[in-house]
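What follows is one structure encoded as structure tokens, with my remarks underneath.
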Amino acid sequence: MAKPDLMERVVNLCKRRGFVFPSSEIYGGFRSTWDYGPFGVLLKRNVKEAWWRSMVQLRDDIVGLDAAILMHPRVWEASGHVQAFTDPLVDCRDCKERFRADHLPESGACPNCGAKGSFTEARQFNLMFKTHVGPVEDEGAVAYLRPESAQGIFVNFLNVQTTARKKPPFGIAQIGKAFRNEITPGNFIFRTREFEVMEMEYFVSPEDGPRWYEYWCQERLRWFVELGIPEDRLRLRPHDPDELSHYSTGTSDVEFAYPWGWGELEGVANRTDYDLRRHSEYSGQDLSYYDQEADRRYVPHVIEPALGADRCMLAFLLAAYHEEEVRGEKRTLLRLDPRLAPIAVAVLPLSRNERLNPVAHEVADLLRPRFMIDVDDAGSIGRRYRRQDEVGTPLCVTVDFDTLDDRAVTVRDRDSMSQDRVPIDKLVQHLEELLSA
Ligand code: GAP
């Protein structure tokens, strides 16, 4: 399949099957934001759950946090965002469109109208959304929608460290919304003005920074592979010095091979002691750590893996999308890992029939508390299998007329299309084994 075609097909599937809709579509859409439909919300929740599980549940050195989106405006002065969270902006004098200067094609032609030499000088544009808190809209009431969740972690460093009784090396993980007034949002949910980030700040002693930076680069790469992205569609790319964010001495992107080329999926940054030091200065609070064993005090260094949940979901969709021919017909399927698939098990009565309905409901009621299920009895069984393949459902359970006699059902596997007959009283265990294999 040609690569641009892949993107178009995934975007179409997302719209057609209720994964992702253009925001405010009945008003013509809002270009830079998207809404998640019934399957999309399940997939995104599973992506976030898989991240949380690997970061918090399976480790005893990382704890969670859920900080507010609106924070004291001084936070963003201390963090450097008011001064330095900018992108270079140019206008095309001919068509008046705006672009990021560092995203322009090498030809120098305007991507919108094709004019050459039509751009204004680049000026720095701050990406933070400004708002006002309270009823008075003066400068004293200015607040920002957070452009990253990390600062909520830094300002709570002492609260968490003391209450969770953690010593470096330890981490704080958070998932939440972030907002950036991107100059050129685009590529579907790849770059939007409202998105969700999954960020973890890992606090270490200064001399341990480089070692943990390497560790988290490898660990994050491994996470994507473990959840089904082929290794050859991922790579680590260290940033050149002129690309580094204002807080970083070293950053590597985990890049994914998108249909338009290699691009950032996740960033792993060595933020040194920049953030804690700046917040100490601006707040007057001592954010250093006293290491009793070594009898020394230091400001911890921070290694940060930061990943967008929406962008991550796009990468999983692109990697999972397959088309194949089965008995002369096209079959579209999402080969999603069962931990990510929106629906784990579909329950399909062979036909809409009053003798099959009670057993189908019995099976659905048995499975519902344990798995995310979908019950579908509309259309031919072949068509219903295809519908489930297309949204990535790993297993289908078919209730047929033999079920009425033998109390067994057919379990069909999405990828191999193989079918097994399984007694209803062994079904839960059987499905659990298949889904965790
Ligand atoms: N706290 C570090 C930080 O914010 P970042 O590289 O600017 O780092 C982290 O953002 C991740 O968030 C990116 O790797 C990407 O996955 C995601 N991301 C950033 N901007 C985004 C946008 N406008 N739309 C969707 N995802 C975005």
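Our numbering puts the first residue of the sequence shown at 109, with every later residue one more than the last. Every residue, glycine too, gets a C-beta built ideally from N, C-alpha and C. This structure is a prediction, so every number in the text was calculated from the model and none was measured.
Beta bridge counterpart(s) of residue i as assigned by DSSP
i: D199; result: R206
i: K224; result: A217
i: Q527; result: R520
i: P346; result: S360
i: F129; result: D143
i: D482; result: A454
i: C504; result: A454 and R520
i: A377; result: T359 and E412
i: Q232; result: P196
i: W370; result: A365
i: F509; result: DSSP output for F509 lists no bridge partner at all.
i: Y323; result: In DSSP, Y323 forms no bridge with anything.
i: V171; result: I280
i: H354; result: DSSP lists no partner for H354.
i: K238; result: Y252
i: R299; result: G294
Residue i, enclosing alpha helix (DSSP H) - first and last residue
i: N154; result: P146 to W160
i: R495; result: I489 to E498
i: Q269; result: F265 to T271
i: V467; result: L464 to L475
Unbroken beta strand (DSSP E) run spanning residue i, endpoints
i: S360; result: G358 to Y366
i: Q400; result: It is not in any beta strand (DSSP E) - Q400 carries neither H nor E in the DSSP assignment.
i: M308; result: E302 to V312
i: E541; result: No beta strand (DSSP E) contains E541, which is instead part of the alpha helix (DSSP H) from L535 to S544.
i: R385; result: Unbroken run through R385 is the alpha helix (DSSP H), Y382 to S391; no beta strand (DSSP E).
i: I337; result: That residue, I337, is in no beta strand (DSSP E); it is neither H nor E in DSSP.
i: G284; result: F278 to F287
i: P457; result: V453 to P457
i: G136; result: That residue, G136, is in no beta strand (DSSP E); it is neither H nor E in DSSP.
i: T292; result: No beta strand (DSSP E) contains T292, which DSSP labels as neither H nor E.
i: G260; result: Taken as a continuous stretch (DSSP letters only), G260 belongs to no beta strand (DSSP E), being part of the alpha helix (DSSP H) at A258 to F262.
i: H180; result: Note, H180: premise wrong, no beta strand (DSSP E); not H, not E.
i: L442; result: E437 to L442
i: E431; result: Y429 to V434
i: L253; result: V250 to L253
i: R405; result: R404 to Y406
Sub-9 Å separation of residue i and residue j beta-carbons
i: R463; j: L512; result: yes
i: K204; j: G216; result: no
i: R443; j: V536; result: no
i: S391; j: V263; result: yes
i: P276; j: S313; result: yes
i: L253; j: F193; result: no
i: L425; j: V183; result: no
i: R301; j: F311; result: no
i: F147; j: F127; result: yes
i: N378; j: I411; result: yes
i: E309; j: D195; result: no
i: A251; j: L178; result: yes
i: R341; j: A427; result: yes
i: R386; j: G188; result: yes
i: Q282; j: A175; result: yes
i: L503; j: L542; result: yes
i: L422; j: H430; result: no
i: I297; j: W160; result: no
i: R201; j: T239; result: no
i: V517; j: D482; result: no
i: F233; j: L197; result: yes
i: P293; j: S459; result: no
i: G375; j: T357; result: no
i: D528; j: H538; result: yes
i: R492; j: A486; result: yes
i: W370; j: N295; result: no
i: Q393; j: L212; result: no
i: A186; j: E389; result: yes
i: M525; j: V455; result: no
Supposed contact pair residue j and residue i - C-beta distance, whole angstroms, cut 8 Å
i: I451; j: V499; result: 7 Å
i: G260; j: L173; result: 7 Å
i: V505; j: V467; result: Actually they do not touch by this definition, with Cβ atoms about 11 Å apart.
i: H409; j: D381; result: 5 Å
i: V507; j: A414; result: Incorrect: roughly 46 Å between the Cβ atoms, too far for contact.
i: L373; j: R330; result: That pair is no contact at about 14 Å.
i: G248; j: I170; result: The pair is not a contact, with the Cβ atoms about 38 Å apart (cut-off 8 Å).
i: R206; j: D199; result: 5 Å
Cβ-heavy atom distance, residue i to the ligand COA, below 8 Å
i: P293; result: Absence of the ligand COA from the depicted structure is noted, with the ligand GAP being the only ligands included.
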